[in-house]
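Heads up: the structure comes next, in structure tokens.
If you want it as structure tokens, here you go:
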């Protein structure tokens, strides 16, 4: 498999559930990202990992918890979410962090919180 | 207020028409990227511009970076239904990449 993959593609969860989103990149990149995409709003950068260390956390609520066990895998653990958290969650990777490196995106996980 | 303002928000045109979409900011960027996102997929990079005044062409797409590196435009000549999608601009400064909300383009056959 090539590029950036994300699972699941669709997820419906209640506000009391705990779930995890998974991202895997097969590009040998050093940086990985989580974005939130809501209708009519800009892509919101949530977290950045460079060489498995978190380098950026943009004031994301603690109900979102990222995990990067190695440079190829990135998880987003979800618990006690709110309906306004419903969105498309995109994972991306780049050769390195910063300096305008091209980001390669996965297809996203469409999350609905009921 | 968004860091990057994209206009128009929506654009629906007939096949064969020309169009221009804009990405504007009051901030100076080290580089600016344009992405296209199709339904059910993640954004895909089209081009990166880094020099003020730079013009890059990709087949029927022409990208221009403003002289002051604060704005950019994307011009499509003779649009085709395959050009349909969400066009996103992203500006990079100080290792921080910010995206605009996008222009949703529909090209009707």
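Protein chains in written order, with the numbering used here: chain A, 14 to 127; chain B, 18 to 126.
Glycine included, each C-beta is placed from N, C-alpha and C at the ideal position.
{"Asked": "Chain A contact for residue 55 (chain B) (CB, 7 Å cutoff)", "Found": "no"}
{"Asked": "Beta-carbon neighbours of residue 21 (chain B), restricted to chain A and to distances below 8 Å", "Found": "55"}
{"Asked": "Option in B:98, B:125, B:86, B:99 with minimal Cα separation from residue 41 (chain B)", "Found": "B:86"}
{"Asked": "Segment contact flag, the region 111–119 of chain A with the region 40–48 of chain A, C-beta cutoff 8 Å, min 3 pairs", "Found": "yes"}
{"Asked": "Rounded C-alpha distance that separates residue 100 (chain A) from residue 56 (chain A)", "Found": "11 Å"}
{"Asked": "Assigned secondary structure, residue 33 (chain B) (DSSP; H/G/I helix, E/B strand, else coil)", "Found": "coil"}
{"Asked": "Residue 79 (chain A) - DSSP class collapsed to helix/strand/coil", "Found": "strand"}
{"Asked": "C-beta contact flag for residue 104 (chain A) and residue 19 (chain A) at 7 Å", "Found": "yes"}
{"Asked": "Best match in B:117, B:107, B:73, B:121 for proximity to residue 100 (chain B) [C-alpha to C-alpha]", "Found": "B:121"}
{"Asked": "is_contact[residue 60 (chain B), chain A] using C-beta, thresh 7 Å", "Found": "yes"}
{"Asked": "Chain B contacts made by the region 32–47 of chain A, where a contact means CB separation under 8 Å", "Found": "none"}
{"Asked": "Integer-rounded CB distance, given that residue 64 (chain A) should sit under 8 Å from residue 84 (chain A)", "Found": "6 Å"}
{"Asked": "Where residue 75 (chain B) meets chain A, residues with beta-carbon distance less than 7 Å", "Found": "Chain A residues near residue 75 (chain B): none, gap ~14 Å exceeds 7 Å."}
{"Asked": "C-beta contact flag for residue 73 (chain B) and residue 64 (chain B) at 7 Å", "Found": "yes"}
{"Asked": "Supposed contact pair residue 83 (chain B) and residue 21 (chain B) - C-beta distance, whole angstroms, cut 8 Å", "Found": "Actually they do not touch by this definition, with Cβ atoms about 12 Å apart."}
{"Asked": "CB contact below 7 Å: residue 71 (chain B) versus chain A", "Found": "no"}
{"Asked": "Residue 118 (chain B) beta carbon less than 7 Å from that of residue 23 (chain B)", "Found": "yes"}
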